[in-house]
Every structure is written in C-alpha cells, then in structure tokens.
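Student: One structure, pasted below without further comment.
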Amino acid sequence: MTAQQALLAFSGIDVTYGGEHGTAPVTALKAVDLEVREGEFVSLIGPSGCGKSTLLRVAADLIKPSAGTALIDGVSPADARLNREIGFVFQDAALLEWRRILANVALPLELQGVPKEKRLARARELLALVGIGEFENAWPRQLSGGMRQRAAIARAMSTRPRVMMMDEPFGALDQITRDRLNLELSRIVEKERMTVVFVTHSIHEAVFLSDRVVVMSPRPGRIREVIDVDLPRPRELTVRDTPRFTELCRLGERLLEEGFHGE
Amino acid sequence: MANRPASSLGAALASALPAVVTTIVLVVVWEILVTVTETPAYIIPAPSRIWEALFTGNSSLSYHTMLTGFESLAGFVIGSALGAMLGIVFAYSRFVARSLMPYVIASNTIPVVAVAPIIMLWFGAGIGSKVAVTAFLSFFPLALNMMKGLQSYDRTVMEVFHVAAATPLQRFFKMRVPSAMPYIFVGLKLNVTFSVIGAIVAEFVQADRGLGFVIMTAYRTLNMPRLWAAMLASALLGILLFVLVAAAERLVIPWHSSMREVK
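Protein chains in written order, with this note's numbering: chain A, 4 to 266; chain B, 90 to 352.
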C-alpha cells in the first residue's frame with residue numbers, strides 16, 4: 004500500500020474553532036493522519052460534524068490547522084495553491100453569473116495569465132470532456148443544476164491540478180442526475196488519471212467512485228476506519244448490483260453507525 | 090436565447106404601447122374637459138396651449154432644455170464618479186464607513202434648496218455652480234449602492250478565487266465589481282433622476298437661463314402654458330436620461346435576472 008510515495012499527506016491535523024468571547028472551543032478534527040497516493044480516488048464519509056469538509060479545506064488552504072501539517076507533493080497547501088496545483092469543486096457550482104460558460108471554465112487560467120486563445124481552447128476541450136460542449140455560450144442561469152456542476156468540474160480541472168478536492172459536489176442533485184454524474188466522473192478520473200479527495204454523505208456514491216473510503220466519526224472529528232474498495236475498474240452502474248458492492252456498503256454503514264453510538 | 094436585437098426592439102415597442110395609448114386618451118380627455126368647462130389657462134392650460142408654448146416664447150425652450158440637460162449630465166457624471174469612489178472606500182474600510190456615514194446620510198437629508206445657495210456662493214453664478222448642486226444631489230445613492238454591491242458577492246465564489254490564487258486586484262475587477270453591477274445600476278438610475286431635479290433647483294436659486302429659470306420667470310408673469318411646457322420638457326429630459334442609463338444597463342449586465350424579458 005505504501006509502496007508509492009504519498010502525493011497528499013496529512014499528519015497530526017487538529018482543527019479547533021471558536022473559544023473566543025467565552026464560548027467553548029469546538030474540536031473539529033483531532034490528530035488526523037491520512038495519505039493519498041498519486042492517481043488514487045479517496046472518499047471521506049461520515050455524519051455531519053465529523054470534520055470531513057474541514058479536512059478537505061485544510062488541504063486546499065481554505066482553513067489553517069491548529070496543529071499538524073498537510074503536504075501536497077512535499078509543499079504546504081498555501082504553496083500548492085499558489086502553484087495552481089489544487090482544484091476544488093464546491094457543493095454549489097459557484098459560477099460567475101456574469102460570464103458565459105466558456106469564460107467561466109477558463110477563469111482559473113485567466114487569473115493565471117494564460118493567453119486568451121490558449122485558455123479558451125483548453126476550456127472548450129474540457130467542456131467537451133464533461134459533456135456540455137454545446138453550451139459554451141450559455142449564461143450559467145440557463146443551465147440545470149447538473150450542467151452547472153459539470154461546468155464547475157471543468158473549471159476546477161482547467162489548470163491541470165495535482166489534486167482535485169470535491170466537497171459534496173453532487174449533494175444538491177436529484178438521484179438520477181447524481182448516478183449519471185457519478186458514472187461520468189469515474190470515467191473522466193480514469194481517463195485523466197486524476198488524484199481525487201471526495202467528500203460525500205452517501206456510502207453508495209463513495210464505494211462506487213473510490214479506491215479507498217475513509218470513514219470518519221464526530222466529536223471530535225477523527226478517522227475511524229479505511230475501507231479498501233477492490234471492485235474492478237472501469238466500473239459501470241451495474242457494479243452496484245454485485246454482492247461485493249453491497250457487502251462494502253454494508254460494512255461502511257455499520258462503521259458509520261458505530262461511530263455514531265460507540266463513543 | 091440571446092442575440093436577437095430586432096425582436097427585442099419589437100418587444101420594447103410592444104411594452105411601450107399601453108403607456109402610449111394611455112397618454113393619447115389622457116391628452117384628448119384633458120383637451121375636451123378644459124375646453125368644455127372653460128377652465129382658465131392659469132389654472133390648467135389645454136394640451137394644445139402647452140404644445141404651442143413649447144415652440145414659442147421669448148427664447149427657445151429647446152435651448153434651455155439643452156442647457157439644463159448638460160448641467161444634469163455633467164453633475165450626474167461627477168456626482169456618480171465621486172459616489173462610486175466613496176462607496177469603494179466604504180466597502181473596504183469598516184472604520185471609514187462608520188466614521189463618515191453619519192455625514193453622508195446627513196448631507197442627503199438636508200433639503201437641497203438649503204444647500205444650493207451655499208454651493209452657488211462657492212462656485213459662482215455660472216454653469217459650474219449648477220453642475221456642483223447636481224453633483225451634490227446625485228452622489229449619495231451610488232455611494233450607498235456601490236458599498237452594498239461590493240459587499241454582496243457570493244462567499245463560495247470568493248473561495249473559488251482564493252483556490253485559483255487570484256490577486257486582490259483580480260478579485261476586485263473580476264469578482265466584486267461584476268457582482269456589484271446590479272446595485273451600481275440601481276444607484277445610477279436614482280442619481281440620474283435626481284440630477285435633473287438638482288439642475289432645476291440650482292437654476293431656481295439663481296440663473297439667467299435653463300429650465301428652472303424659465304419656470305421661475307413664467308410663474309412670475311403667470312405665463313402658465315409656458316410653465317407647463319417647461320415642466321413637460323424637464324420630464325422628457327429626465328425620461329431621456331433614465332432611458333440612456335437603462336439601455337447601458339441592458340448592455341452591461343445582460344446576464345442578470347432582472348434583464349429577463351417579462352412575457
């Protein structure tokens with residue numbers, strides 16, 4: 004398992020919120036160690052308050068940990084971010100309403116100073132990859148939730164980041180759209196050999212997409228167990244009908260349940 | 090969905106139709122009532138008398154309208170520019186906003202007729218003082234809306250810019266200003282309406298030309314058709330300037346939901 008060097012490594016991460024103005028501090032994460040190898044798809048799953056989003060945000064330099072270090076290919080999240088090595092997809096697509104889809108996808112490259120022709124070519128390529136090539140001239144508000152999220156994924160991929168963080172990207176979508184996007188995401192990830200850390204509430208989604216599922220438990224947020232998903236790739240939606248898939252989901256559900264009660 | 094100027098012009102004409110019909114009916118009824126009841130012109134002049142007065146008199150009304158229009162426009166531009174700058178400072182500095190806000194609000198609640206004579210003394214009898222009064226009046230709405238607009242950005246979009254390593258200037262020009270645009274246009278539309286009032290009030294206080302001067306002299310000589318004609322000219326001037334700003338809004342923020350055509 005550890006034959007390969009970790010691309011993303013958390014060690015001893017603590018995150019504590021609040022504590023000012025007499026309020027009791029909340030420990031969001033306590034002593035979290037986790038390594039993610041290059042090309043690996045790792046999901047973080049757990050009930051609300053287990054700190055899974057917090058961990059993701061630490062890796063993307065959106066939160067500074069109270070203790071411990073996070074390293075991306077040997078450098079701090081802040082440096083990795085400045086080197087454009089981090090892609091982040093939020094639950095909300097957060098598209099710029101005043102830009103057409105193409106210019107939205109090209110935004111990170113524009114901020115980086117990539118020449119217009121080059122960045123638009125890259126954005127077109129990505130829009131085709133995520134399957135909304137024909138909507139490059141649409142305004143964001145004209146797109147459905149699923150299509151907006153596809154655009155957000157394309158935007159996060161534009162700078163070819165070393166690590167892709169996804170914070171419940173399909174959490175607000177209906178089940179049918181969600182299944183479809185899960186399938187397409189897994190194809191894109193395989194094709195582009197992306198390294199992904201994926202936060203979700205759904206054990207089915209986590210097992211379907213991941214190489215490893217990290218089950219977390221709350222108060223304080225910590226890693227409870229890591230499930231290795233040995234389902235063969237490429238995966239079709241029918242993999243969900245196999246006994247092994249069901250078994251892995253049951254295991255995950257049981258661990259989540261125990262994390263809730265066995266404190 | 091977009092790019093169809095011909096049909097949107099048609100739609101604009103169609104949407105103006107009810108107002109046009111109402112105006113025609115109103116003018117006809119007015120003319121008949123005034124004629125039948127033999128109402129004297131100093132109470133309410135007939136539309137035909139006002140129409141006549143538009144093109145007669147000691148000096149051409151179009152000259153006065155153009156002059157007042159120039160004062161309004163110049164004051165609007167200067168006032169809006171100053172208001173925008175103050176709004177930006179307020180949005181970025183809570184301390185400055187808290188220190189100066191009471192004065193800004195006070196300056197807006199002081200009746201302009203009280204301030205105008207002071208400004209006239211400072212800026213002299215020429216056109217400059219009229220522009221100054223107009224600028225004073227068309228300053229406050231944009232300052233407030235600019236501040237509110239710059240603070241109203243989407244927090245997740247801000248995080249997208251953070252992860253993409255945007256510079257503070259990029260955040261300002263590519264995120265905060267575009268998301269403030271709908272607010273900015275609310276401020277500009279208020280400013281442009283106030284600017285005509287400002288110019289006319291300034292001319293009331295002291296002037297030898299302009300629509301305010303015409304209204305004042307017409308009142309002194311009880312030349313009511315001319316007064317009504319000047320009133321009509323000032324209304325048309327205000328509408329024209331407002332329509333110009335609204336047209337600019339359509340060009341600048343076609344993405345905004347308020348621009349969706351009402352069917």
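Beta carbons: idealized from backbone N, C-alpha and C, even for Gly. Predicted model only: the values in this text are computed from it and were never measured.
(1) If you draw a straight line from the C-alpha of B:Met270 to the C-alpha of A:Val192, how long is it?
(2) Out of B:Thr223, B:Leu340, B:Arg187, B:Glu338, which has the shortest C-alpha to C-alpha gap to B:Met236?
(3) Classify A:Ala131 as buried or exposed, calling it buried when 16 or more other Cβ atoms lie within 10 Å of its own Cβ.
(4) Which of the three DSSP states is assigned to B:Tyr181 in this structure?
(5) To the nearest angstrom, report how far apart A:Arg122 and A:Arg87 are at their CA atoms.
(6) Does the pairing of the region 41–57 of chain A with the region 131–148 of chain A give three or more beta-carbon distances under 8 Å?
(7) Looking at B:Phe76: is its Cβ nearer than 9 Å to the Cβ of B:Ala221?
(8) What does the Cβ neighbour count give for B:Leu340, buried or exposed, with the cut at 16 atoms within 10 Å?
(9) Residues in its own chain within less than 8 Å of B:Ala103 by CB, not counting five upstream and five downstream?
(10) Quick one: grab the DSSP three-state call for B:Leu311.
(11) Could you have a look at A:Ser79 and say whether DSSP puts it in helix, strand or coil?
(12) Below 9 Å on C-beta distance, what does A:Asp182 contact in chain B?
(13) For the region 240–253 of chain B, which residues have a beta carbon sitting closer than 8 Å to at least one beta carbon of chain A?
(14) Can you find the residues in the same chain that come closer than 6 Å, C-beta to C-beta, to B:Phe283, ignoring five residues on each side of it along the sequence?
(15) Where do the ends of the alpha helix (DSSP H) carrying B:Tyr40 lie?
(16) Would you kindly work out how many angstroms separate the C-alpha atoms of B:Arg183 and B:Met264, rounded to a whole number?
(17) Would you mind listing the alpha helix (DSSP H) stretches within the region 104–161 of chain A that are 4+ residues and don't spill past its ends, in chain order?
(18) Per DSSP, what kind of secondary structure is A:Asp17 in: helix, strand or coil?
(19) Tell me whether A:Gln152 is buried or exposed, calling it buried when 16 or more other Cβ atoms sit within 10 Å of its Cβ.
(20) To the nearest angstrom, report how far apart A:Val199 and A:Gly149 are at their CA atoms.
(21) When DSSP builds the beta bridges, which residues end up paired with A:Ile89?
(22) Measuring CA to CA, which of A:Ala9, A:His24, A:Lys33 is closest to A:Gly15?
(23) 9 Å is my cut-off, CB to CB: does A:Asp64 come that close to chain B?
(24) Could you spell out the range, first to last residue, of the alpha helix (DSSP H) harbouring B:Val202?
(25) Is there a Cβ of chain B sitting closer than 9 Å to that of A:Gln152, yes or no?
(26) On the DSSP bridge list, what partners appear for A:Val217?
(27) For a contact meaning CB atoms closer than 9 Å, what does A:Pro118 contact in chain B?
(28) Taking buried to mean at least 16 other C-beta atoms within 10 Å of its own C-beta, is B:Thr223 buried or exposed?
(29) Within the same chain, show all residues whose beta-carbon is closer than 7 Å to that of B:Ser137, passing over the 5 residues directly before and after it, in chain order.
(30) Report the residue from A:Leu251, A:Ala31, A:Met160 whose alpha carbon sits nearest the alpha carbon of A:Gly21.
(31) Can you list, in chain order, the residues of its chain whose CB lies under 8 Å from that of B:Pro314, leaving out five sequence neighbours each side?
(32) Is B:Thr145 buried or exposed, if buried means 16 or more other CB atoms sit within 10 Å of its CB?
(33) Looking at B:Val285 and B:Val201, is the spacing between their C-beta atoms short of 9 Å?
(34) At which residues does the alpha helix (DSSP H) containing A:Leu209 begin and terminate?
(35) Any idea if A:Met169 is buried or exposed, counting beta-carbon neighbours within 10 angstroms, 16 or more meaning buried?
Tutor: If we stick to the structure as given:
(1) 38 Å
(2) Ranking B:Thr223, B:Leu340, B:Arg187, B:Glu338 by Cα distance to B:Met236 puts B:Arg187 first.
(3) Here A:Ala131 is exposed, its C-beta having fewer than 16 other C-beta atoms within 10 Å.
(4) helix
(5) 14 Å
(6) no
(7) Look at the range of chain B in this structure, 90 to 352, and you will see that residue 76 of chain B is not part of it.
(8) exposed
(9) none
(10) coil
(11) coil
(12) Under the 9 Å cutoff, chain B gives no residues; its nearest Cβ is about 25 Å from A:Asp182.
(13) If the cut-off is 8 Å between Cβ atoms, the region 240–253 of chain B has Asp243, Thr245, Val246, Glu248, Val249, Phe250, His251, Val252, Ala253 near chain A.
(14) Leu226, Ser227
(15) Limits of chain B in this structure are 90 at one end and 352 at the other, which puts residue 40 of chain B out of reach.
(16) In a straight line, the C-alpha of B:Arg183 is about 20 Å away from that of B:Met264.
(17) 104–108, 110–115, 119–132, 148–160
(18) strand
(19) buried
(20) 19 Å
(21) A:Val166
(22) The shortest C-alpha separation from A:Gly15 is found at A:Lys33.
(23) yes
(24) 201–212
(25) no
(26) A:Leu47, A:Val229
(27) Within chain B, no residue comes near A:Pro118; the closest Cβ sits about 16 Å away, beyond 9 Å.
(28) buried
(29) Glu120
(30) A:Ala31
(31) Ala130, Pro134, Arg138, Ile139, Glu141, Ala142
(32) B:Thr145 is exposed by the Cβ-count criterion.
(33) no
(34) The residue asked about is misnamed: residue 209 of chain A is Ala in this sequence, not Leu. It spans 206–212 - the alpha helix (DSSP H) in which A:Ala209 sits, taken as one unbroken run.
(35) With 16 or more other Cβ atoms within 10 Å, it is buried.
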